[in-house]
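Worksheet for the structure shown next.
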Amino acid sequence: MDRACIIGAGSSGIAACQVLQGRGIPFDCFEMGSTIGGNWRYLNDNGMSSAYRSLHINTSKKVMEYASFPMPADYPNYPNHFQIAQYFDNFADHFGLRERITFRTEVTRVEPAAGGWDVTTRHRDTGDRKTTRYRAVLVANGHHWDPRYPEPPFPGTFDGEQTHAHHYRVADPYRGKRVLVLGIGNSAADIAVETAMVSERTFLAMRRGAYVVPKYLFGQPFDRLAKTPLTRLPLWIQRLSVRAMVRVAHGRMTDYGMPKPDHKVLSAHPTVSGDLLNRIGHGDITVKPNIERLDGGKVQFVDGSIESIDAIIYCTGYKISFPFLDDSLISAPDNQIGLYHRVVAPDRPGLYFLALVQPLGATMPIAEAQAHWIADLLDGAAALPPAERMRKEIAGYQRAVSRRYVSSKRHTIEVDFMAYLREIQAERRRGRTRIKPGGGS
Ligand SMILES: Cc1cc2nc3c(=O)[nH]c(=O)nc-3n(C[C@H](O)[C@H](O)[C@H](O)COP(=O)(O)OP(=O)(O)OC[C@H]3O[C@@H](n4cnc5c(N)ncnc54)[C@H](O)[C@@H]3O)c2cc1C
Ligand SMILES: NC(=O)c1ccc[n+]([C@@H]2O[C@H](COP(=O)([O-])OP(=O)(O)OC[C@H]3O[C@@H](n4cnc5c(N)ncnc54)[C@H](OP(=O)(O)O)[C@@H]3O)[C@@H](O)[C@H]2O)c1
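Heads up, the sequence shown is in the working numbering, so the first residue is 11 and it goes up one at a time.
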């Protein structure tokens with residue numbers, strides 16, 4: 011009962027394993043697949059990875075690396091998924107984590123119990139089930155594996171092939187076809203660029219515009235900005251600067267036939283692409299507004315135009331899901347979830363969530379920082395404020411997000427990378443002051 015349970019050995023789960031091991035906090039980690047890496051293990055036998063064959067990171071290596079383990083110096087700025095998976099393998103081997111993880115074992119149930127949580131696991135090969143009580147559960151099951159299709163579905167019926175970005179692997183099946191990609195997030199941008207190289211036509215439909223951010227500016231990875239003092243300046247100055255840089259790099263989005271964004275820069279999760287606007291400019295991708303209705307082998311768009319389409323790829327985002335937790339305990343309808351500093355469930359003591367954020371930056375250093383805070387709480391170095399205070403912080407965060415971001419299910423857990431890391435550090439300091447002299451909170 012003195013042990014903690016970590017669910018998942020993706021980049022967040024292994025960060026937690028490393029931190030808890032280093033702090034001498036006993037834990038078990040269960041991983042559904044045969045190996046570590048989660049989303050970054052192409053064709054992962056957990057059946058949950060959304061990685062496609064051509065995937066590269068879009069947060070550069072210096073932003074993405076763990077504080078405790080730099081990426082190899084000979085890696086490019088934007089490595090591919092094979093290199094990223096190798097980096098996680100090296101991390102696990104360097105810290106001796108593999109033997110601490112139970113593979114091919116799914117957590118099927120997490121229930122509150124006296125003094126902790128009962129965790130039920132099922133071995134995927136033997137079917138063996140086991141229930142063990144833990145003092146704490148760290149949920150690191152990822153939030154980019156449960157595909158969200160358009161809600162409500164578009165009216166009409168479609169005779170062609172329909173799929174979601176989650177299931178997309180390579181462009182070859184789209185050779186010679188008329189393809190419609192829906193959305194203007196990073197999946198849509200990457201997939202449209204790729205199908206455009208082999209398809210007869212690729213259409214990219216979007217219900218609003220986006221500021222497409224370059225991968226490089228003046229020879230430097232654009233997202234290095236996320237680690238500069240710019241992030242300490244007021245939002246309006248950050249907006250002005252980023253807007254000017256995007257303008258220098260790409261001009262106006264409307265110059266390419268993209269819709270004018272209906273929001274300010276930094277009010278939507280960034281769409282990062284060095285290729286999308288080129289492909290549109292070359293006429294390889296045709297921009298369309300949203301779908302109005304489906305009609306057999308045709309699709310009608312909201313501007314009244316109609317196109318014959320063979321295949322639709324919905325790049326419409328993901329649902330936050332915890333299949334092992336009863337909805338009455340905690341859930342995320344429409345991706346809304348109330349966690350103190352995005353980690354702690356105020357009314358569920360001992361339940362913590364890792365990397366349940368969409369950073370303007372990478373998730374790995376964030377999961378690592380969150381794990382250190384959770385370790386403080388577990389080894390008694392820090393304490394939480396009363397539940398009422400936590401609920402107030404959550405309400406403040408949710409108000410700020412809804413004021414700043416476009417109202418969308420993809421913007422419910424958005425954080426600024428450096429500001430959030432500073433927030434966790436500040437909370438760790440405050441948490442230490444809540445410990446009464448002589449121990450206890
Ligand atoms: C296409 C794509 C590209 C991305 N690119 C970037 C990027 O460039 N930079 C960036 O920072 N982020 C990126 N992301 C975000 C991505 O979510 C993170 O990079 C990272 O994968 C999050 O790690 P994680 O460990 O939290 O989740 P995951 O990588 O999803 O890992 C979760 C792990 O938990 C395991 N698991 C789940 N449920 C259970 C269960 N019930 N029992 C046992 N094990 C379980 C899974 O098998 C998996 O191994 C991208 C996401 C997608 C979809
Ligand atoms: N490393 C990489 O290169 C890379 C590649 C792919 C993905 N990713 C990451 O993976 C995560 C998921 O990205 P994603 O692009 O799959 O999803 P996403 O960021 O959630 O984007 C979903 C897109 O679909 C649109 N959409 C949703 N419902 C719609 C509907 N009913 N009709 C029309 N449009 C609809 C959204 O528009 P609204 O904004 O209007 O809701 C948005 O443009 C992100 O963190 C992303 O950065 C990274």
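From the three backbone atoms N, C-alpha and C, an ideal C-beta is built for every residue, glycine too.
*Within the segment 202 to 272, note down every full alpha helix (DSSP H) run reaching 4 residues or more, in order along the chain.*
245 to 260
*Same chain, Cβ closer than 6 angstroms to K419, neighbours up to 5 away in sequence not counted*: As a working note, residue 419 is residue 409 in the sequence shown. Correct list, in chain order: D344 and N345.
_I'd like to confirm something about I376: is its beta-carbon nearer than 8 angstroms to some heavy atom of ligand 2, or not?_
Counting from 1 along the sequence shown, the entry for residue 376 is found at position 366. No; taking the cut-off as 8 angstroms, the Cβ of I376 has no heavy atom of ligand 2 nearer than that.
*Compare the beta carbon distance of V223 and T281 with 9 angstroms and say whether it is the shorter of the two.*
For the purposes of this step, residue 223 is taken as the residue at position 213 of the sequence shown. For the purposes of this step, residue 281 is taken as the residue at position 271 of the sequence shown. Yes, the Cβ-Cβ distance between V223 and T281 is below 9 angstroms.
*Pull up the CB-CB distance for Y88 and I67, whole angstroms please, since I reckon it's below 8 angstroms.*
One-based indexing of the sequence shown puts residue 88 at position 78. One-based indexing of the sequence shown puts residue 67 at position 57. Right, the Cβ-Cβ distance comes to about 6 angstroms (below 8 angstroms), so this counts as a contact.
*Below 6 angstroms CB to CB, which residues in the same chain sit around D272 once its five sequence neighbours on both sides are set aside?*
Residue 272 sits at position 262 when you count from the first residue of the sequence shown. So the list reads R218, once near-sequence residues are dropped.
_Beta-carbon proximity of M58 to M42, cut-off 9 angstroms_ = The residue given as residue 58 occupies position 48 in the sequence shown. The residue given as residue 42 occupies position 32 in the sequence shown. Result yes, Cβ atoms of M58 and M42 sit closer than 9 angstroms.
*Can you tell which of T173, P395, W246 and D99 has its C-alpha closest to the C-alpha of I322?*
What you label residue 322 is simply residue 312 of the sequence shown in a count that begins at 1. Closest option to I322, Cα to Cα, is T173.
*Closest to L287 by CA distance: which of I17, A206, P122 and P359 is it?*
The count along the sequence shown starts at 1 and reaches residue 287 at position 277. Checking every option, the nearest Cα to that of L287 belongs to A206.
*Evaluate contact between the segment 246 to 264 and the segment 178 to 195, counting only Cβ atoms and requiring at least three cross-stretch pairs below 8 angstroms.*
no
_I'd like to know whether the C-beta atoms of A236 and L370 end up nearer to each other than 9 angstroms._
By one-based count along the sequence shown, residue 236 stands at place 226. By one-based count along the sequence shown, residue 370 stands at place 360. It is a contact, given that the beta carbons lie within the stated cut-off.
_Please tell me whether P165 and T326 are closer than 9 angstroms, where the distance is taken between their beta carbons._
Walking along the sequence shown from the start, residue 165 turns up at place 155. Walking along the sequence shown from the start, residue 326 turns up at place 316. No; because the gap between Cβ atoms is not below 9 angstroms, this pair is not in contact.
_Given 8 angstroms as the limit, tell me if F37 has its C-beta closer than that to any heavy atom belonging to ligand 1._
The residue given as residue 37 occupies position 27 in the sequence shown. No; taking the cut-off as 8 angstroms, the Cβ of F37 has no heavy atom of ligand 1 nearer than that.
*Out of curiosity, what's the CA-to-CA distance linking R114 and R401?*
As a first step, residue 114 must be located in the sequence shown, where it is residue number 104. As a first step, residue 401 must be located in the sequence shown, where it is residue number 391. Whole-angstrom Cα-Cα distance: 36 angstroms.
*Taking the C-alpha atoms as reference points, what is the distance between L310 and K298?*
Within the sequence shown, residue 310 is the residue found at index 300, counting from 1. Within the sequence shown, residue 298 is the residue found at index 288, counting from 1. It is Gln, not Leu, that sits at residue 310 in the sequence shown. Taking the straight line from one Cα to the other gives about 10 angstroms.
*Is A342 near F332, with beta carbons less than 9 angstroms apart?*
Taking the sequence shown and counting its residues from 1, one reaches residue 342 at position 332. Taking the sequence shown and counting its residues from 1, one reaches residue 332 at position 322. Yes, these two residues count as a Cβ contact at 9 angstroms.
*Quick one: what's got a C-beta closer than 7 angstroms to R413's C-beta in the same chain, skipping five residues either side?*
As a working mapping, residue 413 is identified with position 403 in the sequence shown. Within the same chain, R413 has no close Cβ partners at all.
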